[in-house]
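Before any comments, here is the structure.
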Amino acid sequence: MNNFKNQNSNSHNIRINNLKLEDLDSYLKIEFDAFFEKIKFIFGSNKDAAYNIIKSEITTNIDTGRYYNAIIDGKIVGIVEIVTRENIKSYTRNFRTFVKYLGFFRAVKAFILTFL
Numbered sequence: 001m002n003n004f005k006n007q008n009s010n011s012h013n014i015r016i017n018n019l020k021l022e023d024l025d026s027y028l029k030i031e032f033d034a035f036f037e038k039i040k041f042i043f044g045s046n047k048d049a050a051y052n053i054i055k056s057e058i059t060t061n062i063d064t065g066r067y068y069n070a071i072i073d074g075k076i077v078g079i080v081e082i083v084t085r086e087n088i089k090s091y092t093r094n095f096r097t098f099v100k101y102l103g104f105f106r107a108v109k110a111f112i113l114t115f116l
């Protein structure tokens, strides 16, 4: 039995907007603060490489309609990523970016693991 009850939000100004390039650094700060320990296995402990690779992929695919900002009272507090068949087909990845920041062998590992 579920013991959790729906709770009302204390904030009344919640919005979701398409992610824009000027908001990308805020997005990555949230992502890296929250998830870097979990993705460290993929990219090694090279946080700068992971940052640059992810930023490059998002910049390339910003217009796919996949990324959204969750905004409360004018501050980005989270990101919503919606994956649909349409934006999967238009999503592009560049192996050269992985090689540039990680070297060949680590790039192969990271490219495969981020594809899954």
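Each residue of the sequence shown is one higher than the one before, starting from 1 at the first, in the UniProt record's numbering. A virtual CB, placed ideally from N, CA and C, is assigned to each residue, including glycine.
Item	Value
CA-to-CA distance, lysine 55 to asparagine 18, given in whole angstroms	16 Å
C-alpha distance - methionine 1 paired with valine 99, whole-angstrom precision	Confidence is the limiting factor: at methionine 1 the pLDDT is only 46, short of 50, which leaves the residue's position unreliable and the question unanswerable from this model.
Contact between the segment 71 to 81 and the segment 99 to 110 (3+ Cβ pairs under 8 Å)	no
Rounded Cβ spacing between asparagine 61 and threonine 92 (contact assumed at less than 8 Å)	6 Å
Spatial distance of glutamate 37 from glutamate 31 (CA atoms)	10 Å
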